[in-house]
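Everything below concerns the one structure shown next.
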Amino acid sequence: RLARACTTVIWVASALHAAVNFGQYPYAGYLPNRPTVSRRPMPEPGSDDYKKLEAGQKEADAVFIRTITSQFQTILGISLIEILSKHSSDEVYLGQRDEPERWTSDARALDAFRRFGSRLVEIEKRIRTMNDSPTLKNRKGPVEMPYMLLYPNTSDVTGEKGEGLTAMGIPNSISI
């Protein structure tokens, strides 16, 4: 039961938090994707406003703008989402330690930690392969944004860690 409890704590504080937190900005940072508040219901079918929505262009924009948050609320909401979605410059990702030998002197634990890190690299490769597969078009959608929420770390080809709004990476712990 202890192992299960520890696994749950690690999952919640790392991967679950990363999946919920770091993917917010790409989706909610553009207000029409996810307005924080609706000031009025969407128009009923058959109403004048509904006909304007169907017509599109400027008429539809005017109807839509009347339903979403004010400019101040929008700026406040997007700023909050941006702050919560950023990785810090000194972020430590799951499976990484600056000096693992200072973390523990137990050779078995260090070996297990290295194997875990290697497994995460394999998971990264698998995510990239699946994202690039033409048979899995649903992983990118029409906007060509690949699935990266549970991509283990934000290392690029040079091995530098990502900082800021990356929409990927699993920190060792909750980082707000």
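Note that our numbering gives residue 162 to position 68 of the sequence shown, counting from 1, and the numbers run on in steps of one.
Virtual Cβ for every residue (Gly too), placed ideally from N, Cα, C.
| Asked | Found |
| --- | --- |
| Check whether Ile264 and Tyr187 have beta carbons under 8 Å apart | yes |
| CB-CB length for Ala122 against Leu244, believed under 8 Å | The Cβ separation is near 18 Å, so there is no contact. |
| Reduced DSSP secondary structure (H/G/I, E/B, other) of Pro228 | helix |
| Tyr144 (DSSP reduced to helix, strand or coil) | helix |
| Spatial distance of Ala149 from Ala156 (CA atoms) | 12 Å |
| Within 8 Å, strictly: CB atoms of Asn115 and Ser183 | no |
| Whole-angstrom distance between Thr101 and Leu214, CA atom to CA atom | 16 Å |
| Coarse secondary structure for Pro126, derived from DSSP in three states | helix |
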